[in-house]
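Asks: Dumping the structure here so I can ask a few things about it.
Numbering (my numbering), first residue to last: 22 to 304.
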């Protein structure tokens, strides 16, 4: 692959140019998962002018055409991927053929299954059966078929198939499933690491009222609002949400209202979300 990594101001200018000159946005759905599609994008052999490996975003050039900004994300409708292109050349036959090639290469890759099967299968797990997704028809995270399938997938590190299963949770607006999707975006497991997407699914989970998970989800989304994780800081709204969750019995929300910290959600480095000036602010 001919790759030229451009960062900082020049990379930003390339992105602006791509989107400003005759910009068109084309989005295509692919059946492979985001991680495999992103790997295929990087290995497609076209020049790469700017790349963000964590967010699954790049600016590419097809032949001698104008640059195209591409991004790969999860397709929650069916658990596959969405590949979007923005730029003058995004609506071209060349871009369509390139996307087809990316999907073909993505599907040829071995789907990652880190612990049970995959590129280097662990012989200790030779007898582990494939989880039965057909039987998991309802996103009840505490019910037999769904929870057992999800558990086996998580144990094996098969996040791509996990996402296909969690797409059902998205359809059913299941708060617990939405929180799990948010966690995958937070750490970038099989999906791009995007704080705004993590916050999006937390917001949906906090608004859902079909399971008890929505109570703790309110505390998590309040934390995102209070500290500006993937969303603009909105502390009045965050405090109101903490108070609602506490009134519904969430102990972590109550702890935050007393101390300005809680242990329900930690930062990537393991530290607590904490406002050292919280007590003074509350007086």
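Note that beta-carbon positions come from the ideal geometry of N, C-alpha and C, so glycine has one too.
Exposed or buried, what is residue 237 when buried is set at 16 or more other beta-carbons lying within 10 Å of its beta-carbon?
Replies: The residue you call residue 237 lines up with position 216 of the chain shown. The residue in question, residue 237, is buried, as its Cβ has 16 or more Cβ neighbours within 10 Å.
Asks: Is residue 92 helix, strand or coil by DSSP?
Replies: If you number the chain shown from 1, residue 92 lands on position 71. Three-state DSSP puts residue 92 in a strand.
Asks: Below 8 Å between beta carbons: does that hold for residue 184 and residue 211?
Replies: Taking the chain shown and counting its residues from 1, the one referred to as residue 184 is at position 163. Taking the chain shown and counting its residues from 1, the one referred to as residue 211 is at position 190. Yes; because the gap between Cβ atoms is below 8 Å, this pair is in contact.
Asks: Under DSSP, the alpha helix (DSSP H) around residue 183 begins and ends at which residues?
Replies: Taking the chain shown and counting its residues from 1, the one referred to as residue 183 is at position 162. Unbroken alpha helix (DSSP H) run through residue 183: 180-193.
Asks: Would you list, in sequence order, the uninterrupted beta strand (DSSP E) runs of no fewer than 3 residues that lie entirely inside the region 200-249?
Replies: Entirely contained in the region 200-249, not one beta strand (DSSP E) run reaches 3 residues.
Asks: Would you check if there are 3 or more beta carbon pairs closer than 8 Å linking the region 110-119 to the region 54-61?
Replies: Because the criterion of three Cβ pairs below 8 Å is not met, the region 110-119 and the region 54-61 do not touch.
Asks: Between the C-alpha atoms of residue 249 and residue 114, what's the straight-line distance to the nearest angstrom?
Replies: Numbered from its first residue, the chain shown carries residue 249 at position 228. Numbered from its first residue, the chain shown carries residue 114 at position 93. The alpha-carbon atoms of residue 249 and residue 114 are separated by roughly 41 Å.
Asks: Quick one: grab the DSSP three-state call for residue 62.
Replies: In the chain shown, residue 62 corresponds to position 41, counting from 1. Helix.
Asks: Just checking, does the region 77-90 make contact with the region 194-208 on the three C-beta pairs under 8 Å criterion?
Replies: The region 77-90 vs the region 194-208: no contact.
Asks: If you draw a straight line from the alpha carbon of residue 179 to that of residue 172, how long is it in whole angstroms?
Replies: In the chain shown, counting from the first residue as 1, residue 179 sits at position 158. In the chain shown, counting from the first residue as 1, residue 172 sits at position 151. About 10 Å.
Asks: Pick out whichever of 49, 75, 63, 52 has its Cα sitting closest to the Cα of residue 214.
Replies: Residue numbering aside, residue 214 sits at position 193 when the chain shown is read from its first letter. The residue with the shortest Cα to Cα distance from residue 214 is 75.
Asks: Between 112, 191, 101, 100, which has its C-alpha nearest residue 90's C-alpha?
Replies: Along the chain shown, one-based indexing puts residue 90 at 69. For the residues 112, 191, 101, 100, the minimum Cα distance to residue 90 belongs to 112.
Asks: Is the beta carbon of residue 235 sitting closer than 8 Å to the one on residue 229?
Replies: Locating residue 235 in the chain shown gives position 214, where the first residue counts as 1. Locating residue 229 in the chain shown gives position 208, where the first residue counts as 1. Yes, these two residues count as a Cβ contact at 8 Å.
Asks: Whole angstroms is fine: what's the gap from residue 197's alpha carbon to residue 284's?
Replies: By one-based count along the chain shown, residue 197 stands at place 176. By one-based count along the chain shown, residue 284 stands at place 263. Taking the straight line from one Cα to the other gives about 18 Å.
Asks: For the beta strand (DSSP E) that residue 294 lies in, which residues bound it at each end?
Replies: To locate residue 294, count along the chain shown from 1; it is residue 273. Taken as a continuous stretch (DSSP letters only), the beta strand (DSSP E) holding residue 294 covers 293-295.
Asks: In angstroms, rounded to a whole number, what distance separates the CA positions of residue 160 and residue 182?
Replies: By 1-based counting over the chain shown, the position of residue 160 is 139. By 1-based counting over the chain shown, the position of residue 182 is 161. Using only the alpha carbons, I get a separation of about 14 Å.
Asks: When the Cα of residue 208 is compared with those of 188, 288, 53, which residue comes out closest?
Replies: Numbered from its first residue, the chain shown carries residue 208 at position 187. Measuring from the Cα of residue 208, the nearest candidate turns out to be 288.
Asks: Just verifying my parser: in three-state terms, what is the DSSP assignment at residue 109?
Replies: Residue numbering aside, residue 109 sits at position 88 when the chain shown is read from its first letter. Of the three classes helix, strand and coil, the one that applies to residue 109 here is coil, per DSSP.
Asks: Does DSSP put residue 300 in a helix, in a strand, or in coil?
Replies: Indexing the chain shown from 1 puts residue 300 at position 279. DSSP places residue 300 in helix when its eight states are reduced to three.
Asks: DSSP three-state label for residue 51, please.
Replies: As a first step, residue 51 is located in the chain shown; it is residue number 30 there, counting from the start. DSSP places residue 51 in strand when its eight states are reduced to three.
Asks: For residue 27, which of helix, strand or coil comes out of DSSP?
Replies: As a position in the chain shown, residue 27 is number 6, starting the count at 1. Annotation note: pLDDT 44 at residue 27 (below 50); position unreliable, coordinate value reported separately. Looking at residue 27 - three-state DSSP - the assignment turns out to be coil, as it is neither helix nor strand.
Asks: One question on the structure: do residue 124 and residue 241 come within less than 8 Å of each other, judged by their Cβ atoms?
Replies: If you number the chain shown from 1, residue 124 lands on position 103. If you number the chain shown from 1, residue 241 lands on position 220. No, they are not a contact pair.
Asks: Tell me which residues share the same chain as residue 286 and place their Cβ nearer than 6 Å to its Cβ, disregarding the 5 neighbours each side in the sequence.
Replies: For this step, residue 286 is matched to residue 265 along the chain shown. Here the set comprises 241, 244.
Asks: Kindly indicate which three-state DSSP category residue 287 falls into: helix, strand or coil?
Replies: Reading the chain shown from its first residue, position 266 is the one you call residue 287. Strand.
Asks: Considering just the uninterrupted stretch of the alpha helix (DSSP H) at residue 72, what are its terminal residues?
Replies: The count along the chain shown starts at 1 and reaches residue 72 at position 51. Not the alpha helix (DSSP H): residue 72 falls in the beta strand (DSSP E), residues 69-73.
Asks: Residue 275 by DSSP, collapsed to three states: which one?
Replies: Here residue 275 is taken as the residue at index 254 of the chain shown, counted from 1. Helix at residue 275.
Asks: Which first and last residues belong to the alpha helix (DSSP H) in which residue 97 is found?
Replies: Taking the chain shown and counting its residues from 1, the one referred to as residue 97 is at position 76. Run containing residue 97: none; DSSP gives neither H nor E here.
Asks: Counting C-beta neighbours from all protein chains within 10 Å, is the total for residue 279 16 or more, i.e. buried, or is it exposed?
Replies: The sequence position of residue 279 within the chain shown is 258, counting from 1. The residue in question, residue 279, is exposed, as its Cβ has fewer than 16 Cβ neighbours within 10 Å.
Asks: Under a three-way DSSP split, which group does residue 86 fall into?
Replies: Reading the chain shown from its first residue, position 65 is the one you call residue 86. Coil at residue 86, not helix or strand.
Asks: Just the Cα atoms here: how many angstroms apart are residue 68 and residue 253?
Replies: By 1-based counting over the chain shown, the position of residue 68 is 47. By 1-based counting over the chain shown, the position of residue 253 is 232. Each residue's Cα considered, the two are about 35 Å apart.
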